[in-house]
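> Each step along the sequence shown adds one to the number in the working numbering, with nothing skipped, and position 159 is 192.
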Amino acid sequence: MLVVTLAVVLPLAACSDSTGTGSPSGWGTPAATSAQPSSQAPAEPQEPGCDSPCYGAAENVGTLGEDTVVEVSGMAGSVRTPGLYYVVSDEPGTSEVAVVRDDGTLVASIELAGMDTENAEALAVGPCGDDPGTSCLYVGDIGDHVGRDHVVVYRAPEPDLDDPPGTVDADALEYRYEDGPTDAEALLVDPDGRPLIVSKAPFDEDTGETGSTRLYRGPADGGELALLGEIELPEPEDGFLAGLVGNVVTDASADLAAGRVLLRTYDEVLEYRAPGQGADVGTFPDWPSRRVPPGNVLQAETVAYVVGGCGYLTTSELTGSVDAVGCTD
Numbered sequence: 034m035l036v037v038t039l040a041v042v043l044p045l046a047a048c049s050d051s052t053g054t055g056s057p058s059g060w061g062t063p064a065a066t067s068a069q070p071s072s073q074a075p076a077e078p079q080e081p082g083c084d085s086p087c088y089g090a091a092e093n094v095g096t097l098g099e100d101t102v103v104e105v106s107g108m109a110g111s112v113r114t115p116g117l118y119y120v121v122s123d124e125p126g127t128s129e130v131a132v133v134r135d136d137g138t139l140v141a142s143i144e145l146a147g148m149d150t151e152n153a154e155a156l157a158v159g160p161c162g163d164d165p166g167t168s169c170l171y172v173g174d175i176g177d178h179v180g181r182d183h184v185v186v187y188r189a190p191e192p193d194l195d196d197p198p199g200t201v202d203a204d205a206l207e208y209r210y211e212d213g214p215t216d217a218e219a220l221l222v223d224p225d226g227r228p229l230i231v232s233k234a235p236f237d238e239d240t241g242e243t244g245s246t247r248l249y250r251g252p253a254d255g256g257e258l259a260l261l262g263e264i265e266l267p268e269p270e271d272g273f274l275a276g277l278v279g280n281v282v283t284d285a286s287a288d289l290a291a292g293r294v295l296l297r298t299y300d301e302v303l304e305y306r307a308p309g310q311g312a313d314v315g316t317f318p319d320w321p322s323r324r325v326p327p328g329n330v331l332q333a334e335t336v337a338y339v340v341g342g343c344g345y346l347t348t349s350e351l352t353g354s355v356d357a358v359g360c361t362d
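Structure below.
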């Protein structure tokens, strides 16, 4: 969580292939080998070319009201019901997620039985660990401002959002980092239902330097989060907020079928694209990457691919405003 008073607008356009669908069968397959990402810096984000279709300019499409989510910290598109999105708030004791349309209007609030978060900072929808052919909702209680010795990822089968239930049962999957307590706000899930967590790098106000951003992966049903490697983020083109709080990752989203990953920072959105079919999403820091339109939201906290379409949403933690980035062709 962060409170600032100014936003950065980067009016960029970029391009991306879009091959994902709303079907869980399109999760993709991990590579036969699980090569670890290196600590080498990936290629600098590409200048916008145009691999059709292209991302267009961001457009404000709505607002998440305080009656829907007090302080949005995570967002993920439903795979079972494309066009709807889950959002979660980061205040202690959160026990539910809200289901909203892309304009922020509330569809339903769903209680996750057994969920009682300390600092829920991320959402993901991905394959279930015991049944990769179905989709599960993952709530990442992974924020850490006080150095707690473990984090929890809550997992529940995706409900039918055409007839939303009031409550769904959730498994509480407990994880510990192999190298000690870590603050994080970004969660992905691989095709085997294993969580991937991107750390929120510490920022030294005295030196103005940001520490290392790290990528971890854990077993599908809880256990140790193994360090896969570091992510060398490029310096932002207009890094006003990075200068104040560091160049830190606040959210992530994956389109496994298309081999794409988005990383959200306060200033930018980076898209990583797999170099070939079946690339292990755990190696995404080594994939070619580029800047894509970041939207105009104040204190950007989330990013979520559109399921079954082309584009993504990003939201403001401070005001709840929702920006959509679509495709031009």
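Beta carbons: idealized from backbone N, C-alpha and C, even for Gly.
Quick caveat: nothing in here was measured; it's all calculated off a predicted structure.
Are there three or more Cβ pairs, one per stretch, closer than 8 Å when the segment 224–234 is compared with the segment 246–253?
Contact holds: three or more Cβ-Cβ distances are below 8 Å.
> Pull up the distance between the alpha-carbon of Asp319 and that of Glu304, whole angstroms please.
Each residue's alpha carbon lies about 12 Å from the other.
> Quick one, which of Cys161, Gly159, Gly162, Leu170 has its alpha-carbon nearest Ile143's?
The shortest Cα separation from Ile143 among Cys161, Gly159, Gly162, Leu170 belongs to Leu170.
> Would you mind working out which of Leu274, Thr283, Val140, Ala253 sits nearest Thr160, comparing C-alpha positions?
The residue asked about is misnamed: residue 160 is Pro in this sequence, not Thr. The shortest Cα separation from Pro160 among Leu274, Thr283, Val140, Ala253 belongs to Ala253.
> How should Pro326 be labelled, buried or exposed, when 16 other C-beta atoms within 10 angstroms of its C-beta is the threshold for buried?
With 16 or more other Cβ atoms within 10 Å, it is buried.
> On the DSSP bridge list, what partners appear for Asp164?
Paired residue(s): Cys161.
> Suppose you measure from the CA of Asp237 to the CA of Leu277; what does that come to, to the nearest Å?
Straight-line Cα distance between these residues: approximately 10 Å.
> Where does the unbroken alpha helix (DSSP H) through Leu296 begin, and where does it stop?
Premise fails: Leu296 lies in the beta strand (DSSP E), 293–298, not in any alpha helix (DSSP H).
> Put Gly363 into one of helix, strand or coil per three-state DSSP.
Outside the displayed range of the chain (34 to 362) lies residue 363, so it cannot be described from this structure.
> Considering Cα atoms alone, identify which of Pro321, Pro115, Thr283 is closest to Gly293.
Note that residue 293 is Arg in the sequence shown, not Gly. Per the Cα distances, Pro321.
> Please work out which residues of its chain come closer than 6 Å, Cβ to Cβ, to Asp204, disregarding the five sequence neighbours upstream and downstream, and give them in chain order.
Here the set comprises Arg188.
> By the three-class DSSP mapping on this structure, what secondary structure does Val201 have?
The answer is strand: DSSP assigns Val201 an E or B state.
> Out of curiosity, what's the CA-to-CA distance linking Thr62 and Thr240?
With a pLDDT of 43 at Thr62, under the threshold of 50, the predicted position of this residue should be treated as unreliable, and no value is reported.
> In the DSSP assignment, the alpha helix (DSSP H) including Val278 goes from what residue to what residue?
Segment 273–278, the alpha helix (DSSP H) holding Val278.
> When you compare only the Cα positions, how much space is there between Ser349 and Gly328?
So the alpha carbons of these two residues sit roughly 10 Å apart.
> Starting from Ser106 and walking both ways along the beta strand (DSSP E), at which residues does that stretch end?
Where Ser106 is concerned, the enclosing beta strand (DSSP E) stretches over 105–110.
> Return the residue from the list Val340, Ala153, Met108, Leu331 that minimises the CA-CA distance to Asn93.
When each option's Cα is compared against that of Asn93, the closest is Leu331.
> Sorted by chain position, which residues of the same chain lie with C-beta nearer than 7 Å to Thr54's C-beta, five sequence neighbours on each side aside?
With a pLDDT of 42 at Thr54, under the threshold of 50, the modelled position of this residue cannot be trusted, and the question is left open.
> Given a cut-off of 9 Å, decide if Gly107 and Val172 are closer than it, judged by their beta-carbon atoms.
Cβ distance < 9 Å, so Val172 and Gly107 count as in contact.
> Should Val314 and Ala357 be called a contact, given that it needs their Cβ atoms to be closer than 9 Å?
Cβ atoms of Val314 and Ala357: not closer than 9 Å.
> State buried or exposed for Asp216, treating a residue as buried only when at least 16 other CB atoms are found within 10 Å of its CB.
So Asp216 ends up on the buried side.
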